[in-house]
Amino acid sequence: MSESTSEAVRGAIVADPVAWADPGQIEDVLAGLRREDPVSWVEIPGYNPFWLVTRHADVMAVERNAELFTSGERVLLQSADQDDARRNGPLKSLIDMDGAEHRTHRAVTNDWFKPGRIRSREEAVTAEARRTVDELIERGGECDFAEVIAQFPLRVVLSILGLPPEKSSWVQQMTQEVFGATDPDMRRGGDLGQSYRETMREVLTYFMGLTADRQKNPNDDLASVIANADIGEAERLSYYGLIATAGHDTTSYSITGGMAALLENPDQLALLRRDPEALTDAVEEMLRWSSPVRGFLRTAQRDTEVGGVPIKAGQSLLLSFLSANRDEAAFEEPTRFDITRARNRHVAFGFGPHACLGAHLARLEMKVFFTELLSRIDEIELAGEPAFAQAVIVSGIKRLPVRYKER
Ligand code: HEM
Numbered sequence: 054m055s056e057s058t059s060e061a062v063r064g065a066i067v068a069d070p071v072a073w074a075d076p077g078q079i080e081d082v083l084a085g086l087r088r089e090d091p092v093s094w095v096e097i098p099g100y101n102p103f104w105l106v107t108r109h110a111d112v113m114a115v116e117r118n119a120e121l122f123t124s125g126e127r128v129l130l131q132s133a134d135q136d137d138a139r140r141n142g143p144l145k146s147l148i149d150m151d152g153a154e155h156r157t158h159r160a161v162t163n164d165w166f167k168p169g170r171i172r173s174r175e176e177a178v179t180a181e182a183r184r185t186v187d188e189l190i191e192r193g194g195e196c197d198f199a200e201v202i203a204q205f206p207l208r209v210v211l212s213i214l215g216l217p218p219e220k221s222s223w224v225q226q227m228t229q230e231v232f233g234a235t236d237p238d239m240r241r242g243g244d245l246g247q248s249y250r251e252t253m254r255e256v257l258t259y260f261m262g263l264t265a266d267r268q269k270n271p272n273d274d275l276a277s278v279i280a281n282a283d284i285g286e287a288e289r290l291s292y293y294g295l296i297a298t299a300g301h302d303t304t305s306y307s308i309t310g311g312m313a314a315l316l317e318n319p320d321q322l323a324l325l326r327r328d329p330e331a332l333t334d335a336v337e338e339m340l341r342w343s344s345p346v347r348g349f350l351r352t353a354q355r356d357t358e359v360g361g362v363p364i365k366a367g368q369s370l371l372l373s374f375l376s377a378n379r380d381e382a383a384f385e386e387p388t389r390f391d392i393t394r395a396r397n398r399h400v401a402f403g404f405g406p407h408a409c410l411g412a413h414l415a416r417l418e419m420k421v422f423f424t425e426l427l428s429r430i431d432e433i434e435l436a437g438e439p440a441f442a443q444a445v446i447v448s449g450i451k452r453l454p455v456r457y458k459e460r
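Per the working numbering, residue 54 is the first one in the sequence shown, and the count goes up by one each step.
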């Protein structure tokens, strides 16, 4: 086996959902690649090949140059059949757009997600966080933290979009089927393609009704903004879908991942309890640590190079946000969870024109949640082993058994 073939085999681990149930082994492979083959060619049967980009500096260089490295051809790590279905399908969302089209569509909701606008929702978000901590307390001192917490970002996303609370389990299922359908706990049954098609049929029917309603009776929710924007129908339906799905599993994985890290590092938890001001930096470290969006792809428009490696026009690159967030060249002692970390330039929200639209909202949710939790819950500790989801695009801890006392 040539050296390049063996590297291709190593990098393939990032596409294996089962491997993500043990992210430690993936992190070891990524660390090796950062050292020895930081822009590594990966070939996997049934997948279009790609370059796996593992260093922080290279991920940033690609993200910065969105004109050369575009999103339209391929953005999610999925099989070649799913790539075809996505490229040729009727739906098209922000994450698949480039250039002027992307700017125009992003501008539709950009103001909604600006810090000032998000601050005005602090009271509503705090009420949801309080309700979530109430639920923890009602569970009587022992529960699966991940299960209880999942409801919090979900309710926030439903409320900003303007969907009724009874749609929550439906939106949750849709997200898991789109971004995490490979985990056996999260599948509705039948094969992956069929489950995805069923979900999409339900989603489209519901969203078409939503447009008709908000065009007739607009209010101050995000659905009204999207329903009345001057954009195509397919783009409109995709927009609702993207906001509904991008905004909650990502945030719950960050909260649960942050909680697990605090429990595994009691000195850091004690530090946060002593100094609530440390929460702002702690949230950034939780984001770096959990990196729930594992990676997105871009495609080179011209022959070029990344990190000194020649890239041909038409080849795609998987930007490993997790690996970039563990890069020794960008972070001192990257495998240490340190809530006081200075200059934390993590890429958990990506970077450049596609950088996460909901980043300010996600940060607010995390801050108000941990403020509520720490003020009302005491002596919280692990009550079992965390279990990670088997999913390659968005993943993290799916079960976190904890024990705690009410203050
Ligand atoms: C894009 C992460 C929460 C909406 C992204 C990207 C990442 C990301 C890595 C891709 C960036 C890139 O391509 O460079 C996260 C994380 C979150 C989170 C870690 C929670 C901690 C949210 C929330 C919302 C949201 C709360 C909205 C309610 C979006 C949208 C995009 C996006 C619409 C597409 C932006 C574009 O392509 O222009 N997010 N996200 N995200 N996120 Fe988030």
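Just so it is clear, CB atoms sit at the ideal spot from N, CA and C, and this is done for glycine as well.
Item: Alpha-carbon to alpha-carbon, residue 88 and residue 343; Value: 22 Å
Item: Beta-carbon contacts of residue 189 that lie in its chain and below 6 Å, excluding the five residues immediately before and after; Value: 201
Item: Check: residue 307 C-beta below 6 Å from any heavy atom of the ligand HEM; Value: yes
Item: Beta-carbon gap between residue 443 and residue 95 smaller than 7 Å; Value: no
Item: Assumed close pair residue 430, residue 460 - CB separation to whole angstroms, cut-off 8 Å; Value: 7 Å
Item: For residue 189, the three-state DSSP class (helix, strand or coil); Value: helix
Item: Residues of its chain near residue 194, where Cβ-Cβ distance is below 7 Å and the 5 sequence neighbours each way are ignored; Value: 456, 457, 458
Item: Residue 450 CB to nearest heavy atom of the ligand HEM below 6 Å; Value: no
Item: Contact test: residue 170 Cβ vs the ligand HEM heavy atom, cutoff 6 Å; Value: no
Item: Of the listed residues 422, 445, 447, nearest to residue 198 (C-alpha basis); Value: 422
Item: Straight-line Cα distance separating residue 192 from residue 387; Value: 35 Å
Item: Whole-number beta carbon distance between residue 67 and residue 371, since they are thought to touch under 8 Å; Value: 7 Å
Item: Residue 350 beta carbon near the ligand HEM (any heavy atom closer than 6 Å); Value: no
Item: Beta-carbon proximity list for residue 366, same chain, < 7 Å, skipping 5 on both sides; Value: 353, 354, 355, 356
Item: Element boundaries [beta strand (DSSP E), containing residue 195]; Value: 195–197
Item: Per-residue burial, residue 451 [other beta carbons within 10 Å of its own, 16 or more giving buried]; Value: buried
Item: Closest by C-alpha distance to residue 148, when choosing among 126, 283, 131, 175; Value: 126
Item: Of the listed residues 130, 335, 373, nearest to residue 312 (C-alpha basis); Value: 335
Item: With 16 other Cβ atoms within 10 Å as the buried cut-off, status of residue 448; Value: buried
Item: Span separating the alpha-carbon of residue 359 from that of residue 407; Value: 19 Å
Item: Close-in-space but distant-in-sequence residues of the same chain around residue 302 (CB under 6 Å, 5 per side omitted); Value: 228, 447
Item: With 16 other Cβ atoms within 10 Å as the buried cut-off, status of residue 177; Value: exposed
Item: Inside the region 353–419 only - beta strand (DSSP E) runs reaching at least 3 residues; Value: 357–359, 362–364, 369–373
Item: Nonlocal neighbours in the same chain, by C-beta distance under 6 Å from residue 58, ignoring five residues either side; Value: Residue confidence is low: residue 58 scores 46 on pLDDT, short of 50, so the model does not pin down where it sits. Its coordinate-derived value is still stated next. Around residue 58: no qualifying Cβ.
Item: The ligand HEM heavy atom lying under 6 Å from the CB of residue 387; Value: no
Item: Cβ-based burial, residue 102 [other Cβ within 10 Å; buried from 16]; Value: exposed
Item: Euclidean distance between Cα positions of residue 326 and residue 65; Value: 41 Å
Item: Opposing strand residues paired with residue 459 [DSSP bridges]; Value: 430
Item: Any non-hydrogen atom of the ligand HEM within 6 Å of residue 407 CB; Value: yes
Item: Cβ separation of residue 374 and residue 112, assumed to be a contact under 8 Å, to the nearest whole Å; Value: 7 Å
Item: Residue 345 beta carbon near the ligand HEM (any heavy atom closer than 6 Å); Value: yes
Item: Cα-Cα separation between residue 187 and residue 307, rounded to whole angstroms; Value: 20 Å
Item: C-beta contact flag for residue 291 and residue 144 at 7 Å; Value: yes
Item: Closer than 6 Å: residue 185 CB and nearest the ligand HEM heavy atom; Value: no
Item: Proximity winner among 161, 183, 298, relative to residue 222 (alpha-carbon distances); Value: 298
Item: Exposed unless 16 or more other CB atoms sit within 10 angstroms - verdict on residue 81; Value: exposed
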